[in-house]
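One structure is given below, encoded as structure tokens.
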Amino acid sequence: MSIKQLKRSALFLLPLANIPSVWACEANSLSIQPASTQAKYDVFNNSSFATINTYRVSANIIGEGCELNLALQLDDTSKSLKSSRQEPLFFEWSGQSGNTIANQWRFTLTENQPTATVQMRFPGKQWLTSGSYRGVLEVATSYAQGDSKIEISPTLLPVTVDVPSAAKIHFYGLSQPHYDLDLGTLHSNKVINSSPNLWVQSNSAYTVVLESSHQGALRHESNDPRWDIPYQLIFDNDNINLKHTDARIQRDAATIGQPIPLSFIIGDATEKPGGQYKDMLQIFIEPNLSQQP
409 MSIKQLKRSA LFLLPLANIP SVWACEANSL SIQPASTQAK YDVFNNSSFA
459 TINTYRVSAN IIGEGCELNL ALQLDDTSKS LKSSRQEPLF FEWSGQSGNT
509 IANQWRFTLT ENQPTATVQM RFPGKQWLTS GSYRGVLEVA TSYAQGDSKI
559 EISPTLLPVT VDVPSAAKIH FYGLSQPHYD LDLGTLHSNK VINSSPNLWV
609 QSNSAYTVVL ESSHQGALRH ESNDPRWDIP YQLIFDNDNI NLKHTDARIQ
659 RDAATIGQPI PLSFIIGDAT EKPGGQYKDM LQIFIEPNLS QQP
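Structural data, given as structure tokens:
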């Protein structure tokens, strides 16, 4: 009698369609380029944002349904460009899609939307010393929970915003650019301290220029220079010679705001005819445009 041994066999089918095909997602050619940038920041611009720079981030993404999660930040992870003195020029992130997390702008690119625009918005009313403010933008993958973790190399872009030298001068507490100072009845050696202070703002070294219509003298209403009454100007405790075409007063440091007192001392007024005497004193300010960043 012969016995036949039967062998059983089975076929197991693996439903591959249910396994995530992460290996099908690829990305390359990650880049960041300026779309529209403003190279300068005006310290006297009172707008909500004095400067706005827009950048375009793009990548080549292969794979249906694949997502590339990215983070854009400065390479020092701060939210400010820096001058050579490490002074900060602060900015805010903004974009049509994405959000700010820990000084980064987080956003997602896909095969259907491989490009995004992101803005660096620099708020106005930041008082900054003149010079160049620099940083380096870095865009790289961001791995949050559930990310597909597509590998792609980071990319960098240097950023520079220049803050030009700028200065203002006006009478403290007054909105008008001129002031009529009444000297009262004139007599020799009279001291007048009733002029309003000047208010100076400059983000660099600066020069104040003063020009007298009659070279430091009050002229009689007859316009006859024989009756001129000389006077001295005390500018911030400095005696200024107004006999030249202009007098120049240099200051070697920037100032966010400094009051400057003005005083006048009347010269020899003896044997001068009665009447009205006047002079026009023009005051300008010039920032040091040659100051190096």
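Remember, this note's numbering sits 408 above the position in the sequence shown when you count from 1.
Glycine is no exception: its CB is placed at the ideal position from the N, C-alpha and C atoms.
Put residue i into one of helix, strand or coil per three-state DSSP.
| i | result |
| --- | --- |
| R634 | helix |
| A575 | strand |
| A432 | helix |
| L486 | The residue asked about is misnamed: residue 486 is Ser in this sequence, not Leu. If DSSP states are grouped into helix, strand and coil, S486 belongs with coil. |
| V451 | coil |
| N647 | strand |
| Q666 | strand |
| A677 | coil |
| K381 | Absent from the model: residue 381. The displayed extent of the chain is 409 to 701, so no value can be given. |
| P496 | strand |
| S620 | strand |
| I691 | strand |
| L697 | coil |
| I560 | coil |
| Y463 | strand |
| P585 | coil |
| D570 | strand |
| P522 | coil |
| L594 | coil |
| Q658 | strand |
| Q441 | strand |
With the cut-off set at 7 Å, would you say residue i and residue j are in Cβ contact?
| i | j | result |
| --- | --- | --- |
| Y541 | L497 | yes |
| F515 | L478 | yes |
| I668 | L606 | yes |
| Q609 | G665 | yes |
| S671 | N601 | yes |
| Q481 | N511 | yes |
| S439 | T563 | yes |
| S612 | A655 | no |
Just to check my reading of the structure: residue i and residue j have Cβ atoms closer than 8 Å, yes? What is that Cβ distance to the nearest angstrom?
| i | j | result |
| --- | --- | --- |
| T525 | A443 | 6 Å |
| I637 | A625 | 6 Å |
| I469 | T518 | 6 Å |
| V544 | T459 | Not a contact, Cβ separation roughly 18 Å. |
| I558 | A432 | Not really, about 11 Å apart at Cβ, beyond 8 Å. |
| S620 | L650 | 4 Å |
| T549 | L476 | 7 Å |
| V567 | L489 | 7 Å |
Given that a residue counts as buried once 16 or more other Cβ atoms are within 10 Å of its Cβ, and exposed if not, what is residue i?
| i | result |
| --- | --- |
| V547 | buried |
| V451 | buried |
| D732 | The chain is shown only over 409 to 701; residue 732 falls outside these bounds and no answer can be derived. |
| Q658 | exposed |
| M409 | The pLDDT assigned to M409 is 37, lower than 50, so where the model puts this residue is not dependable; a value taken from the coordinates is nonetheless given after this. Burial call: exposed. |
| V465 | buried |
| H586 | exposed |
| H652 | exposed |
| A447 | exposed |
| Q553 | Low per-residue confidence applies at Q553: pLDDT is 41, beneath 50, and the placement is therefore not dependable, though the value from the model is reported in the following sentence. Exposed is the call here. |
Leaving out the 5 sequence neighbours to the left and right, which residues in its chain are closer than 6 Å to residue i when beta-carbon positions are compared?
| i | result |
| --- | --- |
| N461 | T445 and M528 |
| E694 | T615 |
| L589 | S603 |
| H578 | W607 |
| E500 | R529 |
| N453 | G532 |
| S429 | Confidence in S429 is poor, its pLDDT being 43 and thus under 50, which makes the residue's placement unreliable; the coordinate value appears in the next sentence. If we look at S429 and ignore the five residues flanking it on each side, it has no Cβ neighbours. |
| L591 | I600 |
Just to confirm my understanding: we take residue i, look at its own chain, exclude 5 residues before and 5 after, and list those with CB closer than 7 Å. What are they?
| i | result |
| --- | --- |
| L697 | S573 |
| G539 | S491, S492, V571 and P701 |
| P681 | H628 and W635 |
| D660 | A613 |
Suppose the cutoff is 8 Å on Cβ atoms and the five residues either side in sequence are ignored; what does the same chain contact list for residue i look like?
| i | result |
| --- | --- |
| H595 | I674 and A677 |
Just to confirm, does residue i get its C-beta within under 6 Å of one of the non-hydrogen atoms of the ligand GTP?
| i | result |
| --- | --- |
| P681 | Looking at this structure, you won't find the ligand GTP or any other ligand, since it has none at all. |
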